[in-house]
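Shown next, in structure tokens, is the structure this report addresses.
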Amino acid sequence: MTISPPLDDAPTPQGHDVAYANHSLTGFIIFLCSESVIFLAFFSGYALLKLSALQWLPPGVEGLEWRSPLLYTVVLVSSSGTVALAERCLSRGQLWGFRSFWLLSMAMGAVFLYGQASEWRSLAFGITSGSFGSCFYLLTGFHGLHVLSGILLMALMLQRSFRPANYAAGEQGVIATSLFWHFVDVIWVMLFLLLYAWS
Amino acid sequence: MTSTAGVDSRILRAPHPVPGAPDNWKRFFSFNTDAKVIGIQYIATALFFLLVGGLLAMIMRGELITPEADLVDRTVYNGLYTMHGTIMLFLFIFPVLNGLNNLLIPCMIGAPDMAFPKLNAAAFWMVPVFGVILMASFLVPGGPASSGWWSYPPVSLQNPLGHLINGEALWILAVALSGISSIMGAVNVVTTILRLRAPGMSLGRMPIFCWTALSAQTIQLIGLPALTGGAVMLLFDLVVGTSFYRPEGGGDPVLYQHFFWFYSHPAVYVIILPVFGVFSELFPVYARKPLFGYPFVAGASLVIVGLSLIVWVHHMFPSGVPQWMRDVFMVTTMLIAVPTGIKVFAWLATLWGGKLRLNTAMLFALGGLFNFVFAGVTGIMLATVPVDIHVNNTYFVVGHFHYVIYGAATMGVYAAIYHWFPKFTGHMYYEGLGKLHFLLTFIGTNLNFFPMHPLGLMGMPRRVSSYDPEFAFWNVIASLGAFLLGVSIIPFLLNLVSSWVRGPKSPANPWTAIGLEWLLPSPPPAENFEEHVPTVISGPYGYGTGRPLVEHQAEIERSLLQA
């Protein structure tokens, strides 16, 4: 990711802020790597329980309906593209382009969450319906929390874009949020394969 | 690089507080973002919980001094060992090591502070919060968690009183919070070491303590999320009624063991690696010799990180795992002896022919090394499947890990506290009291934990409050050792408090040690070197070579002497 020259007249960062300009991003990437282990733990737990289960799906449940989740998956994965477009606008100094694509990505994330909420309402089993029900709600719920956090982070960055001279020292917050969003998308693709494709 | 004059005048400026923070004792009770204040906050909190955990151990050893359960009943005893283990690990040893990280890493690498000071303070303040949550479990109906410090289901899922807030739920909540706090700390340490090193300080010139901290915190970043995830699932099973681990709903209790040990075995290296770092820092100083085999000592830490993540099943040999898995994990566990052995031989080679200064810090380091070697030998025994199956859940295991965690790690922590005490308080400690502390600790440790090995081989199970009279002899000795260990804390605390309040003033470098932290005044100013960080020109262990560590070193030292 290239970082554009300051967008506005901004005070130059002083002291060790210059020397350690992008350590925040390093910290965030390290955090994301660590975060991915929680998902890996949940995924491996899911696989282990499924492989050793005598009866996996709750009684009366044939399988999961996958068509509308697939549609919402397409929406969520596409939002990674709009986030990348937003970043490109920002690196070219096109603030309004950035805001538009950013807002579009937030909306797509919200649509995904809406889709997940409607799916939850329509399901015939609950979180206490055996280990499948427990895993399903834990995995989708934990991921949904991440999508919600991503949307909130994006809202924060959007609000910051209206602050004068905010992006003078580089757009680390935007880069970090965008990385988080891509991460959430990749996790969802793996989740979709585990929960819906492997059923 | 600034001029020599610039170095002189700025490096010795009076310590100034972080903006907005109080500059007296009250700063230790505030949300202060200075890593040195946070370091002392961590260590003080950890020592408080050492007393609490130690008190529980005293009650247990009091109970075990006779074969009958006559001091506390069995239910109370279950709560005692569960809380003792949890407190000692999550509220004493991890926080005290976090404290050392905060004190030492920024000063050692020439950083003004940790990479994320506010996150750092937030991570610390979570410790007292989860401490309170854990201690509150003594007050809820049914008492504290009592299924052992690992809380295996299905035992931990029993909630006979049916209360939503029960000892087990509070235990899980506290452990999950501890995990989040430690992940925050680990992100901070790794980022600080990777991004905030002084000019010229390549990874190959970094002090070994920083290498071991980097390695240990990498384990935290990989292992802790698994435990935290597993703990959340346990909490859901307990409170919501899910079936991750409940066999009646299709769950698998052994899955929890995988999550738990995937972190909790490597946690041993999270504890011992920084102590290896302390040994590697202290032996060259007090033997006046360069550290033998620096690249191997540093590299061995990384090898330990890799191996530590593929050994966890050795805790589950009797759990019904397939034989091939036992074989694989027996071999990987034994392999850890190789990098560890490299370190031990490097320390011995460092000490060999050196002019040893046997002050308190060095005595603790040597005592810790002795205990560690003993623990390593019994560790190899436990890695062997047939031996493990024979002595699993006996006192042999208890003896082994107490040698690691108290005998080696805690003694290493004591060594570190004595060694760097003058640097961070500006006062010298009293050697007499320190040596008394060492003597009581060393004798107490061996009296307390050695008898557990014959007891285990004889077949005495752990977690029992009454036992067959044939085990009485060794239990009496172990209890006497434990009481001696309890007494050993008195000269330690007395020394810390009286030295800090009225101990003689410390010069900047009382041990004539090499390292960036010793180029700072004692105590160091709030942002260490601030922007005038010296340029590092050589490795940190040039004892006896006369090689300067940084540019303008002679001028910096002269100005410190004049001050």
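Order-wise, the sequence lines are chains A and B.
Numbering (numbering that gives the first Met the number 0) for the first sequence: 0 to 198.
Numbering (numbering that gives the first Met the number 0) for the second sequence: 0 to 562.
Yeah, the Cβ is synthetic: ideal placement off N, Cα and C, and Gly gets one too.
Cβ of Ser148 of chain A within 8 Å of any chain B Cβ: Sequence index remark: in the first sequence, residue 148 of chain A carries index 149 (1-based). Not one chain B Cβ lies under 8 Å of Ser148 of chain A.
C-alpha gap between Ser318 of chain B and Leu178 of chain A, whole angstroms: For the purposes of this step, residue 318 of chain B is identified with residue 319 of the second sequence, where counting begins at 1. For the purposes of this step, residue 178 of chain A is identified with residue 179 of the first sequence, where counting begins at 1. Distance from the CA atom of Ser318 of chain B to the CA atom of Leu178 of chain A, rounded to whole angstroms, is 41 Å.
Endpoints, the alpha helix (DSSP H) within which His314 of chain B is located: By one-based count along the second sequence, residue 314 of chain B stands at place 315. Neither: His314 of chain B is in no alpha helix (DSSP H) and is coded neither H nor E.
Gly140 of chain A vs Pro57 of chain A beta-carbon contact at 8 Å: Working through the first sequence from its first residue, we reach residue 140 of chain A at position 141. Working through the first sequence from its first residue, we reach residue 57 of chain A at position 58. No, Cβ-Cβ distance for Gly140 of chain A and Pro57 of chain A is not below 8 Å.
DSSP three-state assignment for Thr409 of chain B, whether helix, strand or coil: Here residue 409 of chain B refers to the residue found at position 410 when the second sequence is read from its first residue. In the structure shown, Thr409 of chain B sits in a helix (DSSP, three-state: H, G or I).
Contacts of Thr241 of chain B in chain A (Cβ-Cβ under 7 Å): The count along the second sequence starts at 1 and reaches residue 241 of chain B at position 242. Those are Ile126, Thr127 and Ser133, listed as they occur along chain A.
Span separating the alpha-carbon of Thr81 of chain B from that of Met315 of chain B: The residue you call residue 81 of chain B lines up with position 82 of the second sequence. The residue you call residue 315 of chain B lines up with position 316 of the second sequence. Using only the alpha carbons, I get a separation of about 19 Å.
Any alpha helix (DSSP H) of 4 or more consecutive residues that is wholly inside the stretch 108 to 151 of chain B: 116 to 135
Buried or exposed (CB count within 10 angstroms, at least 16 for buried), Gln219 of chain B: Looking up residue 219 of chain B in the second sequence gives position 220. Gln219 of chain B is buried by the Cβ-count criterion.
Proximal chain A residues relative to Met205 of chain B, where beta-carbon distance stays under 8 Å: Residue numbering aside, residue 205 of chain B sits at position 206 when the second sequence is read from its first letter. Neighbours of Met205 of chain B on chain A: none; closest Cβ ~16 Å, over 8 Å.
Alpha-carbon to alpha-carbon, His452 of chain B and Asn474 of chain B: To locate residue 474 of chain B, count along the second sequence from 1; it is residue 475. To locate residue 452 of chain B, count along the second sequence from 1; it is residue 453. Spanning the two alpha carbons is a distance of roughly 11 Å.
Short CB-CB distance (under 8 Å) between Thr190 of chain B and chain A: Numbered from 1 along the second sequence, position 191 holds the residue referred to as residue 190 of chain B. Yes, contact with chain A.
C-beta neighbour in chain B for Cys88 of chain A, strict 8 Å: One-based indexing of the first sequence puts residue 88 of chain A at position 89. Closer than 8 Å: no.
Closer than 7 Å: Leu138 of chain A CB and nearest the ligand SAM heavy atom: With respect to small molecules bound, the structure shown includes none, and the ligand SAM cannot be examined in it.
CB contact below 8 Å: His15 of chain A versus chain B: Against the first sequence, residue 15 of chain A aligns to sequence position 16. Confidence at His15 of chain A is low in this model, with a pLDDT of 45, below 50, so its placement is unreliable and the value that follows should be read with caution. True, the Cβ-Cβ gap to chain B drops below 8 Å.
Chain-ordered residues of the stretch 250 to 273 of chain B with a beta carbon less than 7 Å from chain A: Gly250, Asp251, Leu254 and Phe258
Contact check, Ala382 of chain B vs His313 of chain B, beta carbons under 8 Å: Along the second sequence, read from residue 1 onward, the residue named residue 382 of chain B stands at position 383. Along the second sequence, read from residue 1 onward, the residue named residue 313 of chain B stands at position 314. Yes, these two residues count as a Cβ contact at 8 Å.
Any chain A beta carbon closer than 8 Å to Ser2 of chain B: As a first step, residue 2 of chain B must be located in the second sequence, where it is residue number 3. Bear in mind that the predicted position of Ser2 of chain B carries a pLDDT of just 39, short of 50, making it unreliable; the figure below should be weighed with that in mind. Cβ-Cβ to chain A under 8 Å: no for Ser2 of chain B.
Sufficient close CB pairs (3 or more, under 8 Å) joining the stretch 97 to 111 of chain B to the stretch 187 to 202 of chain B: yes
Chain B within 8 Å of Val202 of chain A, Cβ atoms only: Since the first and last residues shown for chain A are 0 and 198, residue 202 of chain A lies out of range.
Residue-chain proximity (Gly26 of chain A, chain B), Cβ-Cβ < 8 Å: Numbered from 1 along the first sequence, position 27 holds the residue referred to as residue 26 of chain A. Chain B contact via Cβ: present.
Proximity test, Cβ basis, 8 Å: Val185 of chain A and chain B: Mapped onto the first sequence, residue 185 of chain A falls at position 186. Judged by the 8 Å Cβ criterion, Val185 of chain A is not in contact with chain B.
Leu103 of chain A versus Val76 of chain A - alpha carbon distance: Walking along the first sequence from the start, residue 103 of chain A turns up at place 104. Walking along the first sequence from the start, residue 76 of chain A turns up at place 77. Using only the alpha carbons, I get a separation of about 13 Å.
Contact check, Val131 of chain B vs Asn165 of chain B, beta carbons under 8 Å: In the second sequence, the residue the question calls residue 131 of chain B occupies position 132. In the second sequence, the residue the question calls residue 165 of chain B occupies position 166. No. Outside cutoff.
Beta carbon proximity, Gly44 of chain A to chain B, threshold 8 Å: Position 45 of the first sequence, counted from the start, is the residue given in the question as residue 44 of chain A. Chain B, which has a Cβ nearer than 8 Å to the Cβ of Gly44 of chain A, makes this yes.
Cβ shell of His15 of chain A (< 8 Å), same chain only, five flanking positions each side left out: To locate residue 15 of chain A, count along the first sequence from 1; it is residue 16. At His15 of chain A the pLDDT is 45, less than 50, meaning the model places this residue with poor confidence and gives no usable figure here.
Beta-carbon contacts of Thr211 of chain B that lie in its chain and below 6 Å, excluding the five residues immediately before and after: Indexing the second sequence from 1 puts residue 211 of chain B at position 212. Closer than 6 Å at the Cβ level, and outside the excluded window around Thr211 of chain B, lie Leu272, Pro273, Phe275, Gly276 and Ser300.
Within-8 Å CB hit, Val6 of chain B to chain A: One-based indexing of the second sequence puts residue 6 of chain B at position 7. In this prediction, Val6 of chain B scores a pLDDT of 43, lower than 50, which makes its location untrustworthy; no coordinate-derived value is stated.
Same chain, Cβ closer than 6 Å to Val397 of chain B, neighbours up to 5 away in sequence not counted: Position 398 of the second sequence, counting from 1, holds the residue named residue 397 of chain B. So the list reads Met451 and Arg461, once near-sequence residues are dropped.
Coarse secondary structure for Thr332 of chain B, derived from DSSP in three states: Here residue 332 of chain B corresponds to residue number 333 of the second sequence, with the count starting at 1. Reduced to three states, the DSSP call for Thr332 of chain B is helix.
Closer than 7 Å at the beta carbon, the chain B residues around His22 of chain A: Sequence index remark: in the first sequence, residue 22 of chain A carries index 23 (1-based). Correct list: Ala114, Thr190, Arg194 and Leu195.
Ala512 of chain B and Val284 of chain B closer than 8 Å at C-beta: Counted from its first residue, the second sequence places residue 512 of chain B at position 513. Counted from its first residue, the second sequence places residue 284 of chain B at position 285. Yes.
Pairwise C-alpha distance: Phe182 of chain A and Ile174 of chain A: Position 175 of the first sequence, counting from 1, holds the residue named residue 174 of chain A. Position 183 of the first sequence, counting from 1, holds the residue named residue 182 of chain A. Those two C-alpha atoms are separated by around 12 Å.
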